[in-house]
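Enquirer:
Numbering (the numbering used here), first residue to last: 150 to 268.
1) Per DSSP, which one or two residues make a beta bridge with residue 172?
2) Which ranges does the beta strand (DSSP E) cover as unbroken runs of at least 3 residues, wholly within the segment 180-262, from first to last along the chain?
3) In whole angstroms, what separates the C-alpha of residue 174 from that of residue 184?
4) So, is residue 187 buried or exposed, given that buried needs 16 or more other C-beta atoms within 10 angstroms?
5) Could you tell me how far apart the beta carbons of residue 226 and residue 154 are, in whole angstroms, since I believe they sit closer than 8 angstroms?
6) Alpha carbon to alpha carbon, what distance is there between residue 209 and residue 216?
7) How about residue 234 and residue 182: do their beta carbons lie closer than 8 angstroms?
8) Can you tell me whether DSSP reads residue 165 as helix, strand or coil?
9) Suppose the cutoff is 6 angstroms on Cβ atoms and the five residues either side in sequence are ignored; what does the same chain contact list for residue 237 look like?
10) Give the straight-line distance between the Cα atoms of residue 211 and residue 232, rounded to the nearest whole angstrom.
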């Protein structure tokens, strides 16, 4: 079973809800994956000078290792390859809907679990 990083997903979702103009799934610098990297804070998006490829790779600030942005963002969010492929290739609204659904699902489960413990 996948264990999603709900605090990070919630952080990305909250940021994009407050700053919708900064969300564009067609650009690595401003897509869900790019914002995940930026908000997590331990990797940086590499610029190539080409708007089509800016941010498609990241560098780990601790090790200097360079990896693909979608791979790092998927790992940070705790997503499967299939989930990542679906999320990172979706439209702006579909990407936000996915994040909203996954965060809401986890919160519903947590609320139910808390209710069972205290009941």
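From the three backbone atoms N, C-alpha and C, an ideal C-beta is built for every residue, glycine too.
Expert: To lay it out plainly:
1) Counting from one through the chain shown, the residue named residue 172 turns up at place 23. According to DSSP, residue 172 bridges with nothing at all.
2) 192-194, 206-209, 215-217
3) The residue labelled residue 174 in the question sits at position 25 within the chain shown. The residue labelled residue 184 in the question sits at position 35 within the chain shown. Roughly 10 angstroms between the two C-alpha positions.
4) As a working note, residue 187 is residue 38 in the chain shown. By the 10 Å Cβ count, residue 187 comes out buried.
5) On the chain shown, residue 226 is found 77 positions in, with the first residue counted as 1. On the chain shown, residue 154 is found 5 positions in, with the first residue counted as 1. Yes, they are in contact, since the Cβ atoms of residue 226 and residue 154 sit about 5 angstroms apart, within 8 angstroms.
6) Looking up residue 216 in the chain shown gives position 67. Looking up residue 209 in the chain shown gives position 60. Approximately 8 angstroms, taken between the alpha carbons.
7) Walking along the chain shown from the start, residue 234 turns up at place 85. Walking along the chain shown from the start, residue 182 turns up at place 33. No, the pair does not count as a contact, with Cβ atoms beyond the cut-off.
8) Here residue 165 is taken as the residue at index 16 of the chain shown, counted from 1. If DSSP states are grouped into helix, strand and coil, residue 165 belongs with the helices.
9) As a working mapping, residue 237 is identified with position 88 in the chain shown. Taken in chain order, the residues that qualify are 182, 219.
10) For the purposes of this step, residue 211 is taken as the residue at position 62 of the chain shown. For the purposes of this step, residue 232 is taken as the residue at position 83 of the chain shown. The straight-line gap from Cα to Cα measures roughly 27 angstroms.
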